[in-house]
Amino acid sequence: MKTSETRFKGMRDLPSAHLLGTGTAMCAGCGGLEVLHEIYDILGKKTVFVNAAGCMTLLSIYPFTPFRGSWIYTAMASAPAGAQGVRDALDTLKRKERMKPADDLKVVCLTGDGSAYGMGLSSTSAAIDRGLDFLYICYDNEGYGNTGQQFSAATPHGARTSTSMGPRGFPGSKKDLFSIWAANSPAYAATVAGAEPLDLARKIEKADTAKGPRLILALSPCPVGWGYDPKDSVEIGKLAVKTGIWPLKEYIDGKVVHTKIPKKRLPVEEYLKRQGRFAHLFEPVRKDDILKEIQAGVDAYWEGVEG
Amino acid sequence: MKRRLLTGNAAAAWGARLADVDYIPAFPITPQTEIIETIAGWTDSGEMDASMVTMESEHSMITAAGTAAATGVRVFTATSSQGLLYAMEMLYTVAGWRAPFVLVNVSRALAAPVTLEPDHNDVLAARDSGFLQLHCSTCQEVLDGVLLAYRIAEDSRVRLPMIVNLDGFYLSFTREPVEVPTAKEAKAFLPPFDSKGMSFRASSPISQAVAVLGGGPYSYFRYETHLAALNALTVFDEAAEDFSKIFGRSYGSVESYRTEDAKYLFVMMGSFATKAREAVDRLRDEGWPIGLLRPRLVRPFPAEAIARLASGKEAVAVIDQNLSLGKGGVLFTEVSSVLYGQPGAPVMLSFIGGLGGRDISPEEFFEIAGVAKHAAKEGKAPPPRLLYTEDELKEVRKLQMIANVERGELEDEDE
Amino acid sequence: MYRIRFHGRGGQGMKTASRILGTAFFIEAFEVQDAPIYGAERRGAPVFAYVRAGREAINERGAITNPDLVVVADDTLVPVPAAGVLRGVTENTVLIINSVEEPETWRERLNLTGPVVTMPGVKVGDAQEVRFTGVVSAAAAAAVTGVISKTSFEAAIREEIAPLGEAVVDENLKRGVEAFDLTVKNGVSIKEGSTVSAAAYKRPEWIELGFESAAISAPAIHSAATSERMKTGLWRTVRPVIDYDRCNRCWWLCSTFCPDGAISVNKEGFPEIDYEHCKGCMICMAQCPPHAISAEAEHGRKEGGDEA
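Protein chains in written order, with this note's numbering: chain A, 1 to 307; chain B, 1001 to 1415; chain C, 2001 to 2308.
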């Protein structure tokens, strides 16, 4: 889809009315909720969300739901399998003419990074294998946020979490979930950030019109888990993009395309120093080796893109 | 209706076909695989108008079965043993959704050590999940049981998933004559699926399976699910009566064989119970007042029927083909809890047999009868006994020698 | 046995308060229970913590329904039914409240017959003070028990705050001791409460729970957006206020970024904040291009419209 074909030509084309109900139990300033409400505005209410265990388990607490369409909670490991059951059942009902076509729904998986990068990956992989027609949204807050931010396979190198409290933070590196998807020929895959709503809207629009397995990997800054004031959630998201730490890209027609290449990337420090989870890289003594490692990783990535 | 030779697995597949199911999420595991292979053949050839999908695990399979049922289609699935355990989280979960569908479990003993032959520890691990359980002792009962299970699971007084259980090898791969109803006859018993409002539709938003906060709402939802499971006792009886009218085969929640004038009872479940039935006949030939009780329903537990049938007997020998490690036989515990404190409660005896497919011989049944008679006379039960012979231990000793097990310890025992 | 309940919001240190008080009692050779109670809600939502302390082993467990002392670290919680601040409060219960208003005002407003005192030594409504709410709450509670010495209280602070480093311990000690002394001057004290009598008690009204079909009794919500009944505006300690003279009706940035969808755009293109649901994250203020949104403390606000 070319820019000229999108209905989101500028910021003023973004929805000014919102679909997701207020009053959820998500934290004040939740980056994941911000992304979800931006996405939901575009997908619309003819959707059924199949939710995995994570922060958003608690979107619906009896008798309160923020959804204007439908929702079902499954488990941490098997939300894509739940999506399979719903999709297949709806298709069967249509085929057997036991349901009005107008009653059909789009099937959406909603999982955190704990599920998407870890426990749910087998189920996700199999849904891709089967060519399941579904949209998979991962709100990536880079740790097991709902249990108090322990490290997950999505935690970035050097970040302090409640299970990586050592002086060097998390020793591992963030798994490249986008590439895992892209390597398996999905119908569409994209990274988004709530702080970049126009880019996000265009990607959701594309994802919504494709058929097959589709990934939306959404950076979801977490004030509680990452250690910053809730008002900075958007700023942190913008810095993730401007420093090149969170590349905005999409996999479409067999190719990976970057949708927003920062002209002059800010040093990663600008992003890191705003967050408590990286404070140990600056105080009491600056850990230049780790900072350099992180910067080098980002530089190497973009050399690959621009090179 | 046509009589033909079918394995238990094929009978289960026929049950699904005659139930006119819409959707089959599947995953292969021995000794269940033949069920999904048979169904795959029919969906490929168009003999069954259903969609089948092979999932990547039983956990996912039960998830998909649950969400499909929650969307409003009739769902069938099957597994066995380790697969049932791998799905365990979702068994509890989808029952809590109140998603009705039928799961055939082909019983196979659990690891470790891994084995292929049957006992009932797999299905009993799901005992408290909210899935109802129907246990079969013949291939005919497997086919009939699947049809009955849909009637019960989908009844608005119940609306819970149901397991139809058959023993690996002894039923799964064993051919027996089975009356196969016509599609028309089956339809007369089991009407087309009505999800009764359980669905996802664009025109009626719903949030299903939501969380609760606090013990008050949680207790309500759990206890209502329990009450629904208990309702299945009545619904089973009604469905069985209809079934009998249409097909001429009668099923009670408990099979009661020659119990009326009996002083002693065997209690067993599953296919090995036909061995007990045979033993009852031979013992009766010798003048023994003995009978057999076989719970078909294990959840809900037919407590009233068992109390009625077993009260006033002198001794009841429960032969468990399972073992709750650190406690003993599960069925023994269940039956004892029903009879304890009742007027005319019999002396209760516990035997463990048939673990991992270990056979139970006619002689062992006769001997159990003798022990029961003695216990009744003494008014006191002996300790629980594992059915195990000296020859069997000798065989194991040979294996241990080859396995190079610490020789000193074996020799000590031989002294 | 002493039964003490702390009420605050997630992030206001109520767990810390209960732990300092629990440790202080423990140092004084009491048997102790302390625990926080969490709901599903997160930072900013009402939470509470409790302490039981007695001379004998404690068999009671769980939430305290008959408190001898209730400490309220945030007075905006008092009118919130979900916070349960007044649960089980009788004429024998002491209420310590963090408020700019006079104790007598609260006594009259809440129709209380027991003693009410304001929490000393903490500047109400100052965002910087939040980090001391925990220690000051613990200090006030410790002082009114009359059985915890200042030495034991200081030792408890040291023990509980130690992981945060010496500088934090020192600050907390200073603020804690100050609040302890001020409370002692107030002269209010609590007494140990009694237990429920097995001879004269109110019989539980048990019912026979009957079967209800799954159409009713499955955990499903047959409606849309019912969450809007949850007034999450109550979480807010600071509110964003739009200066419409400065708002340039950009492109509803504030509305797009608001995680909760609590900012809508009216026909004229002006954003409007739904204070019943705004959690006060202040992203809108941080992102507003012409800086048309400012922060106002919720403390001392009188007008309604933001409470359920």
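Where is the CB? At the ideal position from N, CA and C, for every residue including glycine.
Taking DSSP as the reference, what is the three-state secondary structure of residue i?
| i | result |
| --- | --- |
| Ser1172(B) | coil |
| Phe2153(C) | helix |
| Leu1006(B) | strand |
| Glu1255(B) | strand |
| Asp288(A) | helix |
| Pro1362(B) | helix |
| His1226(B) | helix |
| Leu1355(B) | helix |
| Trp2251(C) | coil |
| Gln1032(B) | coil |
| Gly44(A) | coil |
| Pro2081(C) | helix |
| Phe1189(B) | helix |
If you measure from the beta carbon of residue i to each beta carbon in chain B, is any gap under 8 Å?
| i | result |
| --- | --- |
| His2222(C) | yes |
| Asp289(A) | no |
| Leu2209(C) | yes |
| Glu2296(C) | no |
| Glu2212(C) | yes |
| Val108(A) | no |
Is the CB of residue i under 8 Å away from at least one CB in chain C?
| i | result |
| --- | --- |
| His18(A) | yes |
| Gln102(A) | According to the sequence shown, residue 102(A) is Ala rather than Gln. Closer than 8 Å: no. |
| Arg7(A) | no |
| Phe64(A) | yes |
| Gly23(A) | yes |
| Lys231(A) | yes |
| Arg1098(B) | yes |
From residue i to residue j, what does the alpha carbon distance come to, in whole angstroms?
| i | j | result |
| --- | --- | --- |
| Asp1044(B) | Val241(A) | 50 Å |
| Ser220(A) | Leu2209(C) | 44 Å |
| Glu1255(B) | Leu1293(B) | 6 Å |
| Ile39(A) | Ala2143(C) | 52 Å |
| Phe1101(B) | Glu1334(B) | 26 Å |
| Gly1072(B) | Ala52(A) | 21 Å |
| His1135(B) | Leu1171(B) | 12 Å |
| His1120(B) | Gln1321(B) | 6 Å |
| Tyr188(A) | Ala77(A) | 22 Å |
| Pro1177(B) | Leu1005(B) | 4 Å |
| Tyr301(A) | Gly2280(C) | 37 Å |
| Thr74(A) | Ala1209(B) | 8 Å |
| Gln1032(B) | Phe1076(B) | 13 Å |
| Trp181(A) | Tyr251(A) | 9 Å |
| Val1347(B) | Thr2065(C) | 48 Å |
| Ala1011(B) | Met1048(B) | 15 Å |
| Pro167(A) | Leu132(A) | 44 Å |
| Thr1259(B) | Ile2058(C) | 55 Å |
Using a C-beta cutoff of 8 Å, does residue i count as contacting chain A?
| i | result |
| --- | --- |
| Gly1066(B) | yes |
| Gly2008(C) | no |
| Ala2291(C) | Residue identity check: residue 2291(C) is His in the sequence provided, not Ala. It does not: the Cβ of His2291(C) has no partner Cβ on chain A nearer than 8 Å. |
| Arg2229(C) | yes |
| Tyr1086(B) | no |
| Gly2305(C) | Low confidence applies here, because Gly2305(C) scores a pLDDT of 40, under 50, leaving its location unreliable and the question unanswered by this model. |
| Gly2309(C) | No statement about residue 2309(C) is possible, as the shown extent of chain C runs from 2001 to 2308 and does not include it. |
| Gly1072(B) | yes |
For a contact defined as C-beta to C-beta under 9 Å, what are the partners of residue i on chain F?
| i | result |
| --- | --- |
| Ser1195(B) | Here the protein chains are A, B and C, and chain F is not one of them. |
- Task: Please name the residues in the segment 1197-1216 of chain B whose beta-carbon is closer than 9 Å to at least one beta-carbon of chain C, in chain order.
- Result: Gly1197, Met1198, Ser1204, Pro1205, Ile1206, Ser1207, Gln1208, Ala1209, Val1210, Ala1211, Val1212, Leu1213 and Gly1214
- What residues in the segment 1220-1233 of chain B bring their beta carbon closer than 9 Å to a beta carbon of chain C? Tyr1220, Phe1221, Tyr1223, Glu1224, Thr1225, Leu1227, Ala1228, Leu1230 and Asn1231
- Task: Report yes or no: do three or more beta-carbon pairs, one from the segment 57-73 of chain A and one from the segment 2220-2237 of chain C, lie closer than 8 Å?
- Result: yes
- Query: Taking Cβ-Cβ distances below 7 Å as the criterion, which residues of the segment 255-288 of chain A are in contact with chain C?
  - Reply: none
- Query: Residues in the segment 2272-2287 of chain C with C-beta within 9 Å of chain A's C-beta atoms, listed in sequence order?
  - Reply: Asp2274, Glu2276, His2277, Cys2278, Lys2279, Gly2280, Cys2281, Met2282, Ile2283, Cys2284, Met2285, Ala2286 and Gln2287
- Task: Report yes or no: do the segment 1380-1387 of chain B and the segment 1338-1356 of chain B share at least 3 C-beta pairs separated by less than 8 Å?
- Result: yes
- contact_flag[the segment 2214-2223 of chain C, the segment 1210-1224 of chain B] where n(CB pairs < 8 Å) is 3 or more: yes
- How about the segment 201-221 of chain A and the segment 127-142 of chain A: do they share at least three Cβ pairs that are nearer than 8 Å? yes
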